Each structure stands twice: as structure tokens, then as C-alpha cells.
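Q: Here it is: the structure, laid out below.
Residue numbers (our numbering): 196 to 373.
This is how it looks when you write it as C-alpha cells:
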């Protein structure tokens, strides 16, 4: 983390190093169990009631709920499913020749400007014309500025100080779900 903070490695490299240290390589017969166990704990203890209420309200208003996250798909899709969300745009974990999930990242890290590019690609794959869509985007981090600026409605949720400042400058509502 110190090397990352000092500018000695990219966010992508940090994510791969942390995955290697904390998770290692997951054989195919363990991926589902590990991902589901983590998702169950995360959904039970780390999803704010305000987030659950907003998801329900947006769904009731007719919005299609999509999770766009820098987290790996193999577990973030399970967290989304626990919230009744089917659509996920996420970082893909690399898989080796033996089918094991490794610490590598396949493709782009769904972070910063790459997140917006991945959302736009997902929309194209779903045949959703941006001109016909009304996009609400919720984020807790300033690195999502490209997607927040692109959205029709942007919300800063439990923002850290840089996002709080950015939201004040841009007139984005600040939501506190804690």
C-alpha cells in the first residue's frame, strides 16, 4: 500500500498484489464456495439500509439496476444477486489454463475512466441507446468522476473528502446512508 501511495505502482497492480496475498489462486472447485461465502457475509453486514431502500425505490420507479464496480465479477455478481440485481459490470479475474482464478486481471480494471468505457460497452451489448436511457449513478469515490459527469443524475454517497468537494462544485446531491 505504501508503494502504491508513493506512486510506485498502479491501482491495477495493487489489486493484483492484494488478491495474491489475501486470496491466492482459487481452483475451479473452490471459486463458487469462496465467492458465495464472501458475498453472503458482505451483503449481510456491509450494505447500508439506505442503499437497499434506494435500490427498491429506483426499481419501483422502473429503473434497471446495474452494479458497476472495480471488484471482481466472480464475487461481486453474487453480492448483486443477494440484492436482486442481475446486471453487473465488473473487473474480470484472469483464469489460468487449469481453470484456476489467479490474481491477474483479464482486460481492464473497472475503475476510473475504464469504468465508463466498460459501462458504455455493456450498454452497446445490451442494445441500449444512450440517447434513450436516463442514467442515475451513485458513487462514494472521486475516481468515478468520468461516469458521474456522464450520468443524467449523479449522487455522491457517503463521500470521502475529494468526492464531497467535487459534488459541491458540480451540484451533485450528497447522500448519507450510514
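We put the beta carbon where it would ideally sit given N, CA and C, even for glycine.
Owing to the predicted nature of the structure, the values given are computational and were not obtained by experimental measurement.
1. Short of 8 Å in beta carbon distance, which residues of its chain neighbour residue 301, apart from the five on each side in sequence? Order them along the chain.
2. Give me the Cα-Cα distance between residue 204 and residue 353, rounded to the nearest whole angstrom.
3. Which runs of the alpha helix (DSSP H) spanning at least 4 residues fall entirely within the segment 277-347, listed in chain order?
4. Sorted by chain position, which residues of the same chain lie with C-beta nearer than 7 Å to residue 273's C-beta, five sequence neighbours on each side aside?
5. Who are the near neighbours of residue 199 in its chain, counting only those whose CB is closer than 6 Å to its CB and skipping five residues on each side?
6. Does the segment 213-230 come within contact of the segment 243-250, defined as at least 3 CB pairs closer than 8 Å?
7. Are the beta-carbon atoms of residue 340 and residue 361 separated by less than 8 Å?
8. Which value, in whole angstroms, describes the spacing of the CA atoms of residue 357 and residue 363?
9. Tell me which residues share the same chain as residue 343 and place their Cβ nearer than 7 Å to its Cβ, disregarding the 5 neighbours each side in the sequence.
A: Inspection of the coordinates gives the following:
1. 287, 288, 289, 290
2. 27 Å
3. 308-320, 340-345
4. 230, 231, 234
5. 209
6. no
7. yes
8. 10 Å
9. 332, 334, 349, 367
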